[in-house]
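Below is one structure, written out as structure tokens; the observations come after it.
Residue numbers (this note's numbering): -5 to 509.
Written out as structure tokens, the structure reads:
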């Protein structure tokens, strides 16, 4: 029902706005507009670096290929000592910042030292010291053996910034990066304007100006590209995709990306601490219905944490997930939850009732959450769904108030899955976007051991063991893998989607010549 309502709303809004398109100003031949649901709140890469990376304003030492393998970024190469406790990075020479200053090892050390003092998606105490043997070499001494360290240096929080970016007490006063585009105006959280940086160390872009506009609703973004108010829009819901497919002036791109829609669980909650309850909740899900009926993308049902394309960390031989309400009900009854006349289960006078939070900037999440609410009700579970800001999930994890959450977990922030596991799956505390209050010391120890080992030959078997254990214990419940939908005006050519969502690849685009 929500998907139908969304489509009808698109039609109504589109009919209204179509009459206004004559008032749309003509598009500049040297400028494009991009829209997505992302809300940049400050210059600080710790909070908004993801959007400045995508706008190609900031860059990191390490870049990522489409298949998740690492490639040189601002560093031309790197190597470790024998036990992965020391890593040496060789810097690219001749790199200019947007203020005209030159990147060198001292600047890199300063930039990363500031970054390590802010929230990063790994334990910042991992880096014990940063030394600079010469102007183009940086050496990281770690507090432990850590094989996937280079993948951490690809995260947007590790962007290399000019010293002029920092004011008193290293507070961000500007964002001066090394990318092919530099900021000309920033109006948080709605607008970023950039211009081509002609002294870029690599191949400069052909488009002179690029503007990013936050579009809060999927149907709004779809209308923007349809009416020529935007050239590229990201994160479209299924109804918007269907509407745009009939428009010859717009191309829709759908890409499977390293992101999984998961149900996060607080295992300190008396209901969810019971593994049989978690198994029942998983069995009650109709993932096929969600994939085909709601998202309209058959085959993306998730039967494990990491999706296809994530190397040895995805098990190809696991059976596809299937719904079994019969098994789900039996497990709940064995756990003492008995069905009452009101359709809800009770144990010791307490109802089997839970709260789930989700957020709006992934437009399909609220629709999926509503479907889960219905599917769980068929097993006697009452679920209350609440729409919040995405920040409510890490906040609820930290203060312990979160019970369940539906989230689209990005596994591209650290492109090596081992880095994700080391960050989120090695302590009971877990990660803000990972497990919560999960107790499995044996697995924690095994993951840490993998991070220290030098043998590549043993990795596939170790990875299978880890994934199978997570699947069996269900600290998180996988629902579907993530299909990203984007739409591009026929005004542009050479569009490609970055599956690791690091870049909008603006520098690769060209504006077609007007006939």
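Beta carbons are placed, not taken as given, at the ideal position from N, Cα and C, and that holds for glycine.
Segment limits, beta strand (DSSP E) that includes residue 81: Residue numbering aside, residue 81 sits at position 87 when the chain shown is read from its first letter. From DSSP, the beta strand (DSSP E) with residue 81 extends over 80 to 85.
Contact between the segment 349 to 358 and the segment 321 to 341 (3+ Cβ pairs under 8 Å): no
Closest Cα partner of residue 460 within the set 116, 299, 193, 358: Position 466 of the chain shown, counting from 1, holds the residue named residue 460. Of the listed residues, the one whose Cα sits closest to residue 460 is 299.
Length of the line joining the Cα atoms of residue 413 and residue 386: By 1-based counting over the chain shown, the position of residue 413 is 419. By 1-based counting over the chain shown, the position of residue 386 is 392. C-alpha separation (whole angstroms): 24 Å.
Cβ contact (3+ pairs, closer than 8 Å) linking the segment 470 to 485 and the segment 435 to 445: no
Sequence-distant residues of the same chain with beta carbon closer than 6 Å to residue 357, five excluded per side: Locating residue 357 in the chain shown gives position 363, counting from the first residue. Excluding residues within five positions, the ones whose Cβ falls inside 6 Å are 212, 231.
Reduced DSSP secondary structure (H/G/I, E/B, other) of residue 502: As a position in the chain shown, residue 502 is number 508, starting the count at 1. Correct three-state label for residue 502: helix.
Cα-Cα separation between residue 218 and residue 185, rounded to whole angstroms: For the purposes of this step, residue 218 is taken as the residue at position 224 of the chain shown. For the purposes of this step, residue 185 is taken as the residue at position 191 of the chain shown. Answer to the nearest angstrom: the Cα atoms are 15 Å apart.
With 16 other Cβ atoms within 10 Å as the buried cut-off, status of residue 304: Locating residue 304 in the chain shown gives position 310, where the first residue counts as 1. Counting Cβ neighbours within 10 Å, residue 304 comes out buried, since at least 16 surround it.
Sequence-distant residues of its chain with Cβ nearer than 7 Å to residue 104 (five each side left out): Position 110 of the chain shown, counted from the first residue, corresponds to residue 104. So the list reads 157, once near-sequence residues are dropped.
Per DSSP, cross-strand counterpart(s) of residue 433: Within the chain shown, the letter at position 439 stands for residue 433. Looking at the DSSP assignment, residue 433 forms no beta bridge with any residue, so it has no partner.
Per DSSP, cross-strand counterpart(s) of residue 255: Residue 255 sits at position 261 when you count from the first residue of the chain shown. Per DSSP, 402, 474.
Residue 58 beta carbon less than 8 Å from that of residue 469: Taking the chain shown and counting its residues from 1, the one referred to as residue 469 is at position 475. Taking the chain shown and counting its residues from 1, the one referred to as residue 58 is at position 64. Not a contact, by the Cβ cut-off of 8 Å.
Contained alpha helix (DSSP H) runs [length at least 4] in the segment 311 to 391, N- to C-terminal order: 319 to 328, 359 to 371
C-alpha gap between residue 16 and residue 488, whole angstroms: Taking the first residue of the chain shown as 1, we reach residue 16 at position 22. Taking the first residue of the chain shown as 1, we reach residue 488 at position 494. Note that residue 16 scores a pLDDT of 42, beneath 50, so its modelled location is shaky and nothing firm can be said.
Of the listed residues 363, 369, 145, 321, nearest to residue 337 (C-alpha basis): Here residue 337 refers to the residue found at position 343 of the chain shown. Per the Cα distances, 369.
Bridge partner(s) assigned by DSSP for residue 123: The residue you call residue 123 lines up with position 129 of the chain shown. BP columns for residue 123 point to 135.
Residues of its chain near residue 56, where Cβ-Cβ distance is below 6 Å and the 5 sequence neighbours each way are ignored: In the chain shown, residue 56 corresponds to position 62, counting from 1. If we look at residue 56 and ignore the five residues flanking it on each side, its Cβ neighbours are 64, 67, 144, 147, 148.
C-alpha gap between residue 462 and residue 297, whole angstroms: Your numbering for residue 462 matches position 468 in the chain shown. Your numbering for residue 297 matches position 303 in the chain shown. Distance between the alpha carbons of residue 462 and residue 297 is about 11 Å.
Residue 128 beta carbon less than 8 Å from that of residue 99: Numbered from 1 along the chain shown, position 105 holds the residue referred to as residue 99. Numbered from 1 along the chain shown, position 134 holds the residue referred to as residue 128. Yes, these two residues count as a Cβ contact at 8 Å.
Residue 481 - partner residues in DSSP beta bridges: The sequence position of residue 481 within the chain shown is 487, counting from 1. In the DSSP output, where bridge partners are listed per residue, residue 481 has 227, 246.
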